[in-house]
Structures are given as C-alpha cells and as structure tokens.
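Q: Pasting in a structure now, in structure tokens, and then I'll have a few things to ask.
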Amino acid sequence: MAGIADDQPLREGVVIQTDEFVDDELVEPERMEFGSAANITRTEAREALLNYVAQYCCFGKGAAKELMMLKVVPSNAMHYTLETFCEGRYTTYDDKPYQGGAVDGSHNGSAPDPWTLRANPSQMFQDERQYLRIPHTSEVRVCSTCQGSRKVTCGFCRGSGFNKCNSCSGRGEKDDRDKDGNHITKRCTSCNGRGETRCSSCNGSGQQQCYHCNGYGKVEVFRKLNIVYKNHVADYVLEGANLPSILVRRVQGVEIFSQTDRKVWPITKFPVHEINQHSVDLVNLARKGHPKERQLQQRQTLTAVPVTRIDYAFKKFKSSFWVYGLQREVYAPDYPQQKCCGCSIL
Ligand SMILES: [Zn+2]
Ligand SMILES: [Zn+2]
Ligand SMILES: [Zn+2]
0 MAGIADDQPL REGVVIQTDE FVDDELVEPE RMEFGSAANI TRTEAREALL
50 NYVAQYCCFG KGAAKELMML KVVPSNAMHY TLETFCEGRY TTYDDKPYQG
100 GAVDGSHNGS APDPWTLRAN PSQMFQDERQ YLRIPHTSEV RVCSTCQGSR
150 KVTCGFCRGS GFNKCNSCSG RGEKDDRDKD GNHITKRCTS CNGRGETRCS
200 SCNGSGQQQC YHCNGYGKVE VFRKLNIVYK NHVADYVLEG ANLPSILVRR
250 VQGVEIFSQT DRKVWPITKF PVHEINQHSV DLVNLARKGH PKERQLQQRQ
300 TLTAVPVTRI DYAFKKFKSS FWVYGLQREV YAPDYPQQKC CGCSIL
C-alpha cells in the first residue's frame, strides 16, 4: 500500500465491492412428503387454557373451568423461513501504542486485496464481527492526542492540580454546634481551610499519561479489515385461523422441510401454492438483496405450527381462543375474567 501521508484524512468505512457471483447449477430437490402436526383434544385445550390463566394473578379461573366449547377447529399454520448468511468487508484505520521495534509496512510488499485474507465465521447463520490487521500497512506516527509529549491534561482537575474539597464543598469551613448548641463554623480539616485538595488522579501535576499512546508518544497506524457476518432472515406465515402471524413466528412447530446449501432452490412442489410463491419471491429477493456482500450459506425451513381455534360460550358471552405451537401457547384476547382486583395486565 502507498504510505499514509500525514495530511491525508483517514477514511472510515470504505466498502469493498465483491464480484457478482456466478450462479452454480442449482439442483432441484426431490419431491417432498409433507406431514401435518398433531391435533389436540378438548381436555388438552382446557388444560392449556387453565395453564395460561394461571400465569396471570388477576385472571379468574372459573371461566376456564366452566366455559362450554362449542367448536374445536384444528389447523396448521405454515411458517416458511429463508436465511441468507452473508459476509461483508470494509476497511478502516486503527492504531495502537508504538513501543519500538520494526513494523510491517509497505517496505515488506504491497498490501493484499482484503478479500484474499482468510477468515471464517465461528458459526454459520449467526451475526458476528471480526477484525484483521491488513499486512504491510503499518507505519509509525507521532501520537495525535499528545503531539508526542506523552502527557495530556488531567481530566479530573482540568490541569489545575487541585479539586474542590468534597468535605466542605469548597468553602474551607464547616457548620457545627458548640457545647451550648450555638451555631459555629469550624475550619475544614480535610483541606486545612483552602477549599481544595490536591488532585489524586495526577498527584497535583495537572497532567496524566496520554491514554492514546500509553505514554510512548508514538503510535503504529495500520489498516484494519472489518468483517461483518450477517444472517439476513426473511419469512412468511400462512395462517387461516385468524391468529396473529407474529404469534406463529415465535413458537416451535414440526419441521416439514429444511435445506442448507450455498444457494437454495425455492420450494416449488409444496401442495399449497402460496408457500411455493413466497419461497420463489423470497429466494429471488435474497439473490439481489445484498450486492455488496458475499453469500456464504443459505437455509430454508418450512414448519407446520399446529393451531386449534376453540369457539366457546361462557354464560351469555361467546368468543374464541386459540391453542398454538408445540408448547401449546394460548391466545385468548377476550377471556371473560381478566380483571378481578384492578391490577393491570401486561
Ligand atoms: Zn499520546
Ligand atoms: Zn475542605
Ligand atoms: Zn489532576
């Protein structure tokens, strides 16, 4: 790399463009069998509701025990997820205190292309940042914080060497009472009446060791490679029982299909057209979506989340509640006995 001239501003966040990827030949997966998640009985539905009610101190249990189940409608919500795991790289400048000795500068050769430096994520499909020092980019410079003086003004006393006395708040004297209870003032013993004490941070010198160069006066400047691993997640929920789709996203279901590859082929043979369509759309979007990143892996998952809608009657009130997910979560927005003592429900 060319030397860094002293007057050259250090550019931050230079994004490195990566070449457009050539599509490998994608192999369409085998036709898959799609099962369905288990249904629940009325007893299980009531148990789930009772467990749910028990989580809230002010919900009455009576309704959960007594309500009449008019209709139990089992269904499966479909949750399709596409994860696109990418790597982005950009360079910045960084420095560290220079303690002497040789540095790896341009005299050792030209700096390599940042995309040729080896790095691996610790785990796939997990956001992470890594940093590497780019070889042959180091150079020794005078510390810009202390201008090479190795010291900076003390931040506690602002260079004066003294701080206001804590004991007397800077007055030099303190209020007191004599034997008869009369109000008197006494000289502050902490500061001997001066109202200030010597700064303990700099021992009264008003200066401290430079925090930037650790008192060496010089720093080693180098180019730093910032590697950003990012898992881009896109998903789609198909739900026909009027349960908010955000709830379906949060729970576990039965995995119907999962595929991990450098690039996945969209699902096209699932019996439900909307799933195929959204899989195609999301895969296409992901292909164009991150042009400045290198795609490392892709994973698509289709899960069936059991959702049972229970229409019920309690006294003259009629509504529905839902039991959903493998852990049998409950959604009962109209539960009839929500407040018994006036405390707020979170
Ligand atoms: Zn310094
Ligand atoms: Zn004092
Ligand atoms: Zn000080």
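Residue numbering for the sequence shown follows numbering that gives the first Met the number 0, starting at 0 and increasing by one per position.
Note that the Cβ used here is the ideal one computed from N, Cα and C, for glycine as well.
Just to confirm the assignment, what range does the alpha helix (DSSP H) spanning A53 have?
A: The residue labelled residue 53 in the question sits at position 54 within the sequence shown. Run containing A53: R41 to A53, per the alpha helix (DSSP H) assignment.
Q: Check whether the Cβ atoms of N202 and D126 sit closer than 7 angstroms, and answer yes or no.
A: Reading the sequence shown from its first residue, position 203 is the one you call residue 202. Reading the sequence shown from its first residue, position 127 is the one you call residue 126. Going by C-beta atoms, N202 is not nearer than 7 angstroms to D126.
Q: Rounded to whole angstroms, what's the CA-CA distance from L325 to F124? Just pull it up for me.
A: Stepping through the sequence shown from its first residue, residue 325 is reached at position 326. Stepping through the sequence shown from its first residue, residue 124 is reached at position 125. Roughly 24 angstroms separates the two Cα atoms.
Q: Could you pull out every residue in the same chain whose Cβ sits closer than 6 angstroms to the Cβ of L131, ignoring the five residues on either side in sequence?
A: The count along the sequence shown starts at 1 and reaches residue 131 at position 132. The residues are L116 and L224.
Q: Less than 7 angstroms between the beta carbons of V220 and C212, yes or no?
A: Here residue 220 is taken as the residue at index 221 of the sequence shown, counted from 1. Here residue 212 is taken as the residue at index 213 of the sequence shown, counted from 1. Taking 7 angstroms as the Cβ cut-off, V220 and C212 do not qualify as a contacting pair.
Q: Taking 7 angstroms as the cut-off, decide whether the C-beta atoms of S319 and R308 are in contact.
A: Working through the sequence shown from its first residue, we reach residue 319 at position 320. Working through the sequence shown from its first residue, we reach residue 308 at position 309. Yes, the Cβ-Cβ distance between S319 and R308 is below 7 angstroms.
Q: With distances taken from each beta carbon to the nearest heavy atom of ligand 5, which residues come in below 5 angstroms, in chain order?
A: You won't find ligand 5 in this model; what it holds is ligand 1, ligand 2 and ligand 3.
Q: What is the residue span of the beta strand (DSSP E) that Q294 lies within?
A: As a working note, residue 294 is residue 295 in the sequence shown. Segment R293 to F313, the beta strand (DSSP E) holding Q294.
Q: My output table needs one value for L325: the three-state DSSP class, helix, strand or coil.
A: Position 326 of the sequence shown, counted from the first residue, corresponds to residue 325. Looking at L325 - three-state DSSP - the assignment turns out to be coil, as it is neither helix nor strand.
Q: What does the alpha-carbon distance come out to for the pair N119 and A44?
A: Numbered from its first residue, the sequence shown carries residue 119 at position 120. Numbered from its first residue, the sequence shown carries residue 44 at position 45. Cα-Cα distance, rounded: 47 angstroms.
Q: Once you ignore the five residues that flank K338 on each side, which residues in its own chain have a CB closer than 6 angstroms to its CB?
A: On the sequence shown, position 339 is the one that residue 338 refers to. Correct list, in chain order: C57.
Q: Roughly how many whole angstroms lie between the Cα atoms of N162 and E195?
A: Mapped onto the sequence shown, residue 162 falls at position 163. Mapped onto the sequence shown, residue 195 falls at position 196. N162 and E195: Cα-Cα distance of roughly 5 angstroms.
Q: Just how far apart, CA to CA, sit H182 and K173?
A: Along the sequence shown, read from residue 1 onward, the residue named residue 182 stands at position 183. Along the sequence shown, read from residue 1 onward, the residue named residue 173 stands at position 174. Cα to Cα, the separation comes out at about 11 angstroms.
Q: How many Å lie between D292 and A285 at the Cα?
A: Locating residue 292 in the sequence shown gives position 293, counting from the first residue. Locating residue 285 in the sequence shown gives position 286, counting from the first residue. Reading off the sequence shown, one finds Glu at residue 292, where the question assumed Asp. Going by the C-alpha atoms only, they are around 11 angstroms apart.
Q: Might you give, ordered along the chain, the residues of its own chain that have their beta carbon closer than 7 angstroms to the beta carbon of G160, omitting 5 neighbours on each side?
A: If you number the sequence shown from 1, residue 160 lands on position 161. Counting only Cβ-Cβ distances below 7 angstroms, and skipping sequence neighbours, we find R197, C198, C201, G203, S204 and G205.
Q: Indicate, with yes or no, if ligand 1 has a heavy atom lying under 6 angstroms from the CB of T361.
A: An answer regarding residue 361 cannot be provided, because it is not within the stretch 0 to 345 covered by the chain.
Q: For the 8 angstroms Cβ check, are there 3 or more pairs between the region 257-269 and the region 149-157?
A: Contact between the region 257-269 and the region 149-157 is absent, because fewer than three Cβ pairs lie under 8 angstroms.
Q: Enumerate in chain order the residues of its own chain whose CB-to-CB distance from L237 is below 7 angstroms, with the five nearest sequence positions on each side excluded.
A: Residue numbering aside, residue 237 sits at position 238 when the sequence shown is read from its first letter. Correct list, in chain order: A76, M77, V271, E273 and I274.
Q: What first and last residue would you give for the alpha helix (DSSP H) that runs through S200?
A: On the sequence shown, residue 200 is found 201 positions in, with the first residue counted as 1. Unbroken run through S200: none, as it is neither H nor E.
Q: Answer yes or no: do R248 and A47 have a C-beta to C-beta separation smaller than 7 angstroms?
A: Counted from its first residue, the sequence shown places residue 248 at position 249. Counted from its first residue, the sequence shown places residue 47 at position 48. For R248 and A47, no; Cβs fall outside 7 angstroms.
Q: For ligand 1, I want to know if H135 counts as a neighbour, meaning its beta carbon is within less than 6 angstroms of at least one of the ligand's heavy atoms.
A: Taking the sequence shown and counting its residues from 1, one reaches residue 135 at position 136. No - ligand 1 has no heavy atom lying nearer than 6 angstroms to the Cβ of H135.
Q: In whole angstroms, give me the CA-to-CA distance for G288 and Q276.
A: Reading the sequence shown from its first residue, position 289 is the one you call residue 288. Reading the sequence shown from its first residue, position 277 is the one you call residue 276. Roughly 18 angstroms between the two C-alpha positions.
Q: Do you know offhand how far Y330's Cα is from L66's?
A: The residue you call residue 330 lines up with position 331 of the sequence shown. The residue you call residue 66 lines up with position 67 of the sequence shown. If you take the alpha carbons of Y330 and L66, they lie about 16 angstroms apart.
Q: Report the three-state DSSP secondary structure of V247 (helix, strand or coil).
A: Numbered from its first residue, the sequence shown carries residue 247 at position 248. Residue state, collapsed to three classes: helix.
Q: Classify A110: buried if its beta carbon has 16 or more other beta carbons within 10 angstroms, exposed otherwise.
A: Along the sequence shown, one-based indexing puts residue 110 at 111. The residue is buried, with at least 16 neighbouring Cβ atoms inside 10 Å.
Q: Along the chain, which unbroken stretches of the beta strand (DSSP E) at least 3 residues long are found entirely within the region 120-163?
A: Fully enclosed beta strand (DSSP E) runs of 3 or longer: 127-132, 138-141, 150-152 and 161-163.
Q: Excluding the 5 residues preceding and the 5 following D177 in the sequence, name in chain order all residues of the same chain whose CB lies nearer than 8 angstroms to its CB.
A: Translated into the one-based positions of the sequence shown, residue 177 becomes position 178. Hits under 8 angstroms: I183.
Q: For ligand 2, I want to know if C159 counts as a neighbour, meaning its beta carbon is within less than 6 angstroms of at least one of the ligand's heavy atoms.
A: What you label residue 159 is simply residue 160 of the sequence shown in a count that begins at 1. Checking the sequence, you will find Ser at residue 159 rather than Cys. No; taking the cut-off as 6 angstroms, the Cβ of S159 has no heavy atom of ligand 2 nearer than that.
Q: On a Cα-Cα basis, can you pick out the residue from C167, V227, K315 and K314 that is closest to S189?
A: Here residue 189 corresponds to residue number 190 of the sequence shown, with the count starting at 1. S189 has its Cα closest to that of C167, out of C167, V227, K315 and K314.
Q: Excluding sequence positions up to five away, which residues of its chain have a Cβ less than 7 angstroms from the Cβ of D93?
A: Counting from one through the sequence shown, the residue named residue 93 turns up at place 94. For D93, where only same-chain residues beyond five positions count, the Cβ hits under 7 angstroms are F221 and K223.
Q: For C190, is the beta carbon positioned less than 6 angstroms from some heavy atom of ligand 2?
A: As a first step, residue 190 must be located in the sequence shown, where it is residue number 191. Yes, ligand 2 has a heavy atom inside 6 angstroms of this Cβ.
Q: Could you check where the alpha helix (DSSP H) with L81 kicks off and where it finishes?
A: Start at 1 with the first residue of the sequence shown, and residue 81 comes out as number 82. Here L81 belongs to no alpha helix (DSSP H); instead the beta strand (DSSP E) covers M67 to P96.
Q: So, are the CB atoms of L49 and A63 less than 7 angstroms apart?
A: For the purposes of this step, residue 49 is taken as residue 50 along the sequence shown, with counting starting at 1. For the purposes of this step, residue 63 is taken as residue 64 along the sequence shown, with counting starting at 1. Closer than 7 angstroms, so yes.
Q: Start and end of the beta strand (DSSP E) containing A233?
A: The residue labelled residue 233 in the question sits at position 234 within the sequence shown. K217 to L237 is the extent of the beta strand (DSSP E) around A233.
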